[in-house]
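Report on the structure given below.
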Amino acid sequence: MLIRLGILLGLLMVSGVLAAEDTRYVQSERAEVFETPAFDAARVGELQRGDPVERLSEEGDWLEIRAGELEGWVSTLLLGDSEPSARVSPLHGDEELEMEGRRRASAVATAGGVRSLEEDEELVADENVDVDQLHALEAQGVSTEEAIRFLHERDEDAES
Amino acid sequence: MTRARGERNPARFAGSWAWRGLAGFLALCLMGVLAPAAAEEESSPRDRLHMLAEDPRTEADLQAEIRVGREVAARILARDPLVEDPELQRYVNLVGSAVAAHGDRSELSWYFAVTDSDEVNAYAAPGGYVFVTRGALKEMRDEAELAGVLAHEIAHITRRHIVDALDIRAPEDSPLAGITRFFGGATEVARVAFSEAVDQVMDVLFEDGLRREDELDADHHGLMLAVRTGYDPAGLPRYLARLAEFEEDDKDAVETVARTHPPASERLEALERLMEEQGIDGLEQPAREERFARHVR
């Protein structure tokens with residue numbers, strides 16, 4: 091009896107591990123789910139970034155998945171083995187580049203002591219960067235939400 | 200704009216002491232991006248570094264990629280500044296961000312720029328910075344072509360072609376960098392290595408190009424990305440067909456792209472095969488010609 095219980099528990103644990111291995115996560119902001127593995131197939135639903143899906147089968151670049159009530163096919167390119175990373179902003183680097191921009195004309199290395207990061211930057215100050223333009227570029231970035239709204243303007247545009 | 204985006208997508212440790220600590224740590228250690236590995240033994244300062252930040256590799260490698268890409272972007276803009284047309288820039292950012300949202304690197308903030316250059320070209324710096332020249336935009340006929348070209352560049356970033364080719368990563372893997380961060384003596388060496396990495400990316404973009412297979416891979420994944428976003432699959436192929444004509448008739452206009460990419464005719468053939476294999480050659484999705492014409496004059 092104990093042995094059977096042990097085997098049962100073992101099987102349960104193994105199946106648990108297998109189930110965990112068969113979970114994938116949506117990496118894109120959204121991922122359309124199709125009825126069959128083809129882009130011209132009927133769309134049966136949509137998943138959001140971070141949604142876990144259960145892998146049912148695979149065919150070429152397509153994965154058959156189940157997510158709650160939803161079943162269908164998703165491009166494998168949009169799925170990963172772990173949850174997507176948090177978004178990273180590059181803006182923490184501003185101070186460093188600005189400093190570089192301001193000081194590039196007067197790069198002077200100080201002797202002795204432990205060098206500060208600023209001084210190290212002066213040593214390799216790059217005269218070929220345009221920090222103001224970079225800031226202008228970053229200021230014109232749009233949010234994903236704006237971009238998706240814009241994308242979905244397609245129907246009213248087509249009517250106009 | 201990006202700050203607002205950050206608020207909507209809080210970092211995993213945002214607001215916590217752990218995040219602030221890690222951010223401070225990264226600010227220090229990222230100065231040593233790409234430091235060469237020189238010592239085999241584990242040193243005690245390095246051990247302490249590993250204890251200070253749990254799994255610093257993933258986060259730090261990402262920061263390294265963004266930092267290198269950001270400086271490359273600043274250099275590109277020093278060569279070719281932004282076209283002074285906020286409406287046009289916004290339009291290209293909307294198209295590009297919509298495409299990028301259908302790719303698998305949602306951890307990146309994406310920036311798109313139309314640069315003031317007559318040359319017909321587009322390029323991507325690591326970390327989410329994508330550029331298309333005014334000359335290239337002039338040759339496009341609809342939004343699907345623009346989306347296709349941007350998707351090719353986005354694919355270079357999502358597939359980490361430059362990051363892998365140049366082995367751009369944080370210095371945690373380098374024992375020497377671990378030591379020098381603590382004692383400060385060779386941070387300069389690390390900083391020079393970082394600067395060299397930026398130089399190398401510029402060389403890849405404007406002189407040497409990536410491997411032929413990376414370009415074909417970006418075409419493949421770019422086309423699929425544009426299709427997933429909902430655009431006419433033939434957008435990128437149409438643009439490449441025009442590029443192929445330039446390669447025949449006006450080589451000067453496509454000098455850099457011809458030097459850094461396989462011939463457009465070869466890329467076109469590969470895409471036509473892909474479309475047939477994937478059964479998307481007859482897929483009817485919009486090209487958005489009218490909307491493109493309204494924004495790009």
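Same order as they appear, the protein sequences are chains A and B.
To convert a position in the first sequence, counted from 1, into our numbering, add 90.
To convert a position in the second sequence, counted from 1, into our numbering, add 199.
Ideal placement from N, C-alpha and C gives every residue a C-beta, glycine not left out.
Query: Hey, could you find the ends of the beta strand (DSSP E) Leu137(A) is sitting in?; Result: 133-138
Query: According to DSSP, simplified to helix, strand and coil, what is Tyr430(B)?; Result: coil
Query: Inspect the beta-carbon positions of Ser305(B) and Glu119(A) and report whether they are closer than 7 Å.; Result: yes
Query: Give the DSSP-derived three-state secondary structure of Thr126(A) in the structure shown.; Result: coil
Query: Per DSSP, what kind of secondary structure is Glu236(A) in: helix, strand or coil?; Result: helix
Query: Would DSSP call Ala469(B) helix, strand or coil?; Result: helix
Query: In the DSSP assignment, find the beta strand (DSSP E) that holds Ile155(A) and state where it starts and stops.; Result: 152-157
Query: When DSSP labels each residue in this structure, what does Gly302(B) get in the three-state scheme?; Result: coil
Query: So which residues on chain A does Ser316(B) lean against when the C-beta distance must stay under 8 Å?; Result: None at all; the shortest Cβ gap to chain A is about 13 Å.
Query: Taking the beta carbon of Arg498(B) as the centre, do at least 16 other beta carbons fall within 10 Å, making it buried, or is it exposed?; Result: With chain B represented from 200 up to 496, any question about residue 498(B) goes unanswered, as that position is not in the structure.
Query: Can you say whether Glu217(A) is buried or exposed, counting buried as having 16 or more other CB atoms within 10 angstroms of its CB?; Result: exposed
Query: What do you reckon, are the CB atoms on Thr428(B) and Val291(B) nearer than 7 Å?; Result: no
Query: With 16 as the cutoff for other CB atoms within 10 Å, does Ser520(B) come out buried or exposed?; Result: Any answer about residue 520(B) is impossible in this case: the structure gives chain B only from 200 up to 496.
Query: I'd like to check one pair, Leu224(A) with Ala273(B): are the Cβ atoms closer than 7 Å?; Result: yes
Query: To the nearest angstrom, report how far apart Pro485(B) and Gln262(B) are at their CA atoms.; Result: 37 Å
Query: Please list, in chain order, the chain A residues whose beta carbon lies closer than 8 Å to that of Tyr310(B).; Result: Leu227, Glu228, Gln230, Gly231
Query: Kindly list the residues whose CB is nearer than 6 Å to the CB of His419(B), restricted to its own chain and excluding five residues on each side of it in sequence; keep chain order.; Result: Leu473
Query: So, Gly347(B) versus Leu435(B), is the Cβ gap smaller than 7 Å?; Result: yes
Query: On the three-state DSSP scale, how would you describe Ala321(B)?; Result: strand
Query: Any C-beta of chain B sitting closer than 7 Å to the C-beta of Glu173(A)?; Result: no
Query: Give the range of the alpha helix (DSSP H) segment to which Glu489(B) is assigned.; Result: 488-494
Query: Do you know offhand how far Leu409(B)'s Cα is from Gly481(B)'s?; Result: 31 Å
Query: For a contact defined as C-beta to C-beta under 8 Å, what are the partners of Pro462(B) on chain A?; Result: None at all; the shortest Cβ gap to chain A is about 26 Å.
Query: Taking all protein chains shown into account, do 16 or more other C-beta atoms lie within 10 angstroms of the C-beta of Gln288(B), making it buried, or fewer, making it exposed?; Result: buried
Query: Which value, in whole angstroms, describes the spacing of the CA atoms of Met230(B) and Thr332(B)?; Result: The pLDDT assigned to Met230(B) is 38, lower than 50, so where the model puts this residue is not dependable; a value taken from the coordinates is nonetheless given after this. Near 31 Å, if we compare the C-alpha coordinates of Thr332(B) and Met230(B).
Query: Quick check on the DSSP output: the beta strand (DSSP E) that includes Leu160(A) runs from which residue to which?; Result: 160-165
Query: Identify, in the order they occur along the chain, each residue of the same chain with its Cβ nearer than 8 Å to the Cβ of Ala443(B), setting aside the five sequence neighbours on each side.; Result: Pro462, Ala463, Ser464, Leu467
Query: Can you check which of these residues, Tyr310(B), Ala324(B), Ile361(B), is closest to Ser233(A) by C-alpha distance?; Result: Tyr310(B)
Query: Check for me: the alpha helix (DSSP H) holding Val221(A) runs from which residue to which?; Result: 221-229
Query: Kindly list, in the order they appear in chain A, the residues whose Cβ is closer than 9 Å to that of Arg427(B).; Result: Ser118, Ala121, Glu122, Phe129, Ser165, Leu167, Leu168
Query: Does any residue of chain D have a CB that is nearer than 7 Å to the CB of Asp220(A)?; Result: This model lacks chain D altogether; the protein chains it does include are A and B.
Query: Please tell me whether Ala157(A) has its Cβ less than 7 Å away from any Cβ of chain B.; Result: no
Query: Under 7 Å Cβ to Cβ from Gln138(A), same chain only, skipping five residues before and after it: list those, please.; Result: Val116, Arg120
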